[in-house]
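Engineer: This note's numbering puts the first residue of the sequence shown at 79, with every later residue one more than the last.
Glycine included, each C-beta is placed from N, C-alpha and C at the ideal position.
Here the structure is a predicted model, which means the values were calculated and not measured.
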Amino acid sequence: MARVAGVSQRTVSNVVNNYEFVRPETRQRVLDAMAALGYVPNAAARSLRSARTGLIALVVPDFRARIFADLAGPVVREAEALGYTVLIELTGSDREHELTVLTGGRNQLTDGAIMMALSLRPEDGQRRRVDYPIVLVGDQVLEGQVHHVGIPNKDASAAVVRHLVSAGRRRLMLLGHDPHGGQTARMRARGFLDGLAEEGLTAHEELLVGAGWTREGGQSAIEEHLDAGRPMPDAIFAMNDSLALGALRALHARGIRVPQEVALVGFDDVEEARYATPSLTSVSPDVEALAANAVAMLHEQITGKPSGREQHIMVDFRLKVRESSQ
Numbered sequence: 079m080a081r082v083a084g085v086s087q088r089t090v091s092n093v094v095n096n097y098e099f100v101r102p103e104t105r106q107r108v109l110d111a112m113a114a115l116g117y118v119p120n121a122a123a124r125s126l127r128s129a130r131t132g133l134i135a136l137v138v139p140d141f142r143a144r145i146f147a148d149l150a151g152p153v154v155r156e157a158e159a160l161g162y163t164v165l166i167e168l169t170g171s172d173r174e175h176e177l178t179v180l181t182g183g184r185n186q187l188t189d190g191a192i193m194m195a196l197s198l199r200p201e202d203g204q205r206r207r208v209d210y211p212i213v214l215v216g217d218q219v220l221e222g223q224v225h226h227v228g229i230p231n232k233d234a235s236a237a238v239v240r241h242l243v244s245a246g247r248r249r250l251m252l253l254g255h256d257p258h259g260g261q262t263a264r265m266r267a268r269g270f271l272d273g274l275a276e277e278g279l280t281a282h283e284e285l286l287v288g289a290g291w292t293r294e295g296g297q298s299a300i301e302e303h304l305d306a307g308r309p310m311p312d313a314i315f316a317m318n319d320s321l322a323l324g325a326l327r328a329l330h331a332r333g334i335r336v337p338q339e340v341a342l343v344g345f346d347d348v349e350e351a352r353y354a355t356p357s358l359t360s361v362s363p364d365v366e367a368l369a370a371n372a373v374a375m376l377h378e379q380i381t382g383k384p385s386g387r388e389q390h391i392m393v394d395f396r397l398k399v400r401e402s403s404q
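#1: How big is the Cα-Cα spacing for Thr131 and Ala367?
#2: Give the secondary structure of His258 by DSSP, where H, G and I count as helix, E and B as strand, and everything else as coil.
#3: Once DSSP output is grouped into helix, strand and coil, what is the label at Leu196?
#4: On the criterion of 16 or more Cβ atoms from any shown chain inside 10 Å, does Lys232 qualify as buried, or is it exposed?
#5: Run through DSSP, which three-state label would Ile70 get?
#6: Rounded to whole angstroms, what's the CA-CA distance from Glu277 to Met194? Just pull it up for me.
#7: How long is the line joining the alpha carbons of Gly222 and Ser235, rounded to whole angstroms?
#8: Quick check: the Cα distance between Ala267 and Gly183, rounded to an integer number of angstroms?
#9: Roughly how many angstroms lie between the CA atoms of Asp312 and Thr181, to the nearest whole one?
#10: Assign Met79 to one of two classes, buried (16 or more other C-beta atoms within 10 Å of its C-beta) or exposed (fewer than that).
#11: Pull the bridge partners of Gly344 from the DSSP assignment, please.
#12: Note down, in chain order, each residue of its chain lying with its Cβ closer than 6 Å to the Cβ of Ala121, except the 5 sequence neighbours on either side.
#13: Who are the Cβ neighbours of Gln261 in its own chain at under 6 Å, not counting the five residues just before and after it?
#14: Please classify Thr381 as buried or exposed, where buried requires at least 16 other C-beta atoms within 10 Å of its C-beta.
#15: Straight-line CA distance for Ala351 to His303?
#16: Counting Cβ pairs, one atom from each stretch, are 3 or more of them under 8 Å apart for the stretch 243-259 and the stretch 281-288?
#17: In whole angstroms, what is the alpha-carbon distance linking Val243 and Ala237?
#18: Hey, is Glu294 close to the ligand ATP, as in C-beta under 7 Å from one of its heavy atoms?
#19: Enumerate in chain order the residues of its own chain whose CB-to-CB distance from Leu196 is below 7 Å, with the five nearest sequence positions on each side excluded.
#20: Below 8 Å between beta carbons: does that hold for Arg396 and Ser357?
#21: Any idea what DSSP makes of Met251, helix, strand or coil?
#22: Alpha helix (DSSP H) containing Gly324: first to last residue?
#23: How many angstroms separate the CA atom of Val224 from the CA atom of Val336?
#24: Locate the beta strand (DSSP E) running through His175, then write down its first and last residues.
#25: If you compare alpha carbons, which of Gly295, Glu301, Ile166 is closest to His330?
#26: Hey, is the stretch 386-403 in contact with the stretch 337-346, meaning 3+ C-beta pairs nearer than 8 Å?
#27: Go ahead and pull the three-state DSSP assignment for Phe141.
#28: Could you tell me the distance, in whole angstroms, from the CA atom of Phe345 to the CA atom of Val399?
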């Protein structure tokens, strides 16, 4: 520890640990002395004293779905503004891996975690280690005191249906349908079906098309639908933008014009959506608000300074209408 004439060891320690109740002129004397001596605080020792590491984890399934990568940037910015360093952890949607995070298995490394979980179940919330701060992002809502920031998937999907019907479309395909899939898939499908019912339209079984939520999955599903001679829709709602971009490729290869013959809408509004040909209409969740709320909720748990913020927050969305559905 640097020594400064006329300043107690405790005051020097307070400056090193950035305590606010130090006179400005005293703080400057200590900082000047540290600089002259080349003193660098030992982060490991400080973490032992404070029981904090200054690290938080952002836990996502993978980066194949662009929405996970798009969330990382805002989370890092928000966290750095509060003095945290963000570590990225990939779970591969593995249930045991997600449970390890939930139950505080990483608490010796990080002060808390923001997690997008796909495999947890509502009752898993009872297994959470209460002294390890955590915020879930996405559609999984767990039992107990587990903070959560979500996307209005059901309302957004119904809004897509209204948009397509208002453009004169009547035979709508749901691409990426999985009735036994995770919460996100179920909520988006529910919104789609509710939207059809509100518009007085029927959900045709042959237009509820399963596919992996990737470009390859979207392309293959459309090719198989066409090769089987099934009736074509006049609009496709893809459950995410990767599916939509794969479908766009398949339609183009078969000479089917978008949007003249088939309108196309995706979900997530990834950067590629704006640069596709034609540009892709997509649901755009407020990712900035998602990140800001998640980091703030985690910080409040870490510091023990609650702000009165709700435990469950739903961010807004916009339907970005572009060439593929006009």
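Structural biologist: The structure says:
#1: Your numbering for residue 131 matches position 53 in the sequence shown. Your numbering for residue 367 matches position 289 in the sequence shown. Spanning the two alpha carbons is a distance of roughly 26 Å.
#2: As a position in the sequence shown, residue 258 is number 180, starting the count at 1. In this structure, His258 counts as coil in the three-state DSSP scheme.
#3: As a position in the sequence shown, residue 196 is number 118, starting the count at 1. Here Leu196 sits in coil by DSSP.
#4: For the purposes of this step, residue 232 is taken as the residue at position 154 of the sequence shown. It counts as buried.
#5: Any answer about residue 70 is impossible in this case: the structure gives the chain only from 79 up to 404.
#6: If you number the sequence shown from 1, residue 277 lands on position 199. If you number the sequence shown from 1, residue 194 lands on position 116. If you take the alpha carbons of Glu277 and Met194, they lie about 33 Å apart.
#7: As a working note, residue 222 is residue 144 in the sequence shown. As a working note, residue 235 is residue 157 in the sequence shown. Separation of Gly222 and Ser235 (C-alpha to C-alpha, rounded to the nearest whole angstrom) is 28 Å.
#8: Against the sequence shown, residue 267 aligns to sequence position 189. Against the sequence shown, residue 183 aligns to sequence position 105. One C-alpha to the other measures close to 34 Å.
#9: Counting from 1 along the sequence shown, the entry for residue 312 is found at position 234. Counting from 1 along the sequence shown, the entry for residue 181 is found at position 103. The alpha-carbon atoms of Asp312 and Thr181 are separated by roughly 47 Å.
#10: Your numbering for residue 79 matches position 1 in the sequence shown. Low per-residue confidence applies at Met79: pLDDT is 48, beneath 50, and the placement is therefore not dependable, though the value from the model is reported in the following sentence. When all chains shown are included, Met79 counts as exposed.
#11: Within the sequence shown, residue 344 is the residue found at index 266, counting from 1. BP columns for Gly344 point to Ser360.
#12: What you label residue 121 is simply residue 43 of the sequence shown in a count that begins at 1. Annotation note: pLDDT 47 at Ala121 (below 50); position unreliable, coordinate value reported separately. Closer than 6 Å at Cβ, skipping near neighbours: no residue.
#13: The residue given as residue 261 occupies position 183 in the sequence shown. Closer than 6 Å at Cβ, skipping near neighbours: Asp217, Gln218.
#14: To locate residue 381, count along the sequence shown from 1; it is residue 303. Classification of Thr381: exposed, given that the 10 Å Cβ count is below 16.
#15: As a working note, residue 351 is residue 273 in the sequence shown. As a working note, residue 303 is residue 225 in the sequence shown. Taking the straight line joining both Cα atoms gives about 23 Å.
#16: Counting C-beta pairs with one atom in each stretch, the stretch 243-259 and the stretch 281-288 have three or more that are closer than 8 Å, which means they touch.
#17: Within the sequence shown, residue 243 is the residue found at index 165, counting from 1. Within the sequence shown, residue 237 is the residue found at index 159, counting from 1. Roughly 10 Å between the two C-alpha positions.
#18: This structure simply doesn't include the ligand ATP, nor any ligand for that matter.
#19: Position 118 of the sequence shown holds residue 196. Counting only residues of its own chain and dropping the five nearest sequence neighbours on each side, Leu196 has a CB closer than 7 Å to the CB of Pro139, Ser171, Gly260.
#20: Against the sequence shown, residue 396 aligns to sequence position 318. Against the sequence shown, residue 357 aligns to sequence position 279. The answer is no: Cβ separation not under 8 Å.
#21: Walking along the sequence shown from the start, residue 251 turns up at place 173. Looking at Met251 - three-state DSSP - the assignment turns out to be strand.
#22: Here residue 324 refers to the residue found at position 246 when the sequence shown is read from its first residue. Run containing Gly324: 319-331, per the alpha helix (DSSP H) assignment.
#23: Here residue 224 refers to the residue found at position 146 of the sequence shown. Here residue 336 refers to the residue found at position 258 of the sequence shown. Distance between the alpha carbons of Val224 and Val336 is about 43 Å.
#24: Reading the sequence shown from its first residue, position 97 is the one you call residue 175. Segment 173-180 is the alpha helix (DSSP H) holding His175; no beta strand (DSSP E) there.
#25: By 1-based counting over the sequence shown, the position of residue 330 is 252. When only C-alpha atoms are compared, the closest one is Glu301.
#26: yes
#27: For this step, residue 141 is matched to residue 63 along the sequence shown. Correct three-state label for Phe141: coil.
#28: One-based indexing of the sequence shown puts residue 345 at position 267. One-based indexing of the sequence shown puts residue 399 at position 321. If you take the alpha carbons of Phe345 and Val399, they lie about 11 Å apart.
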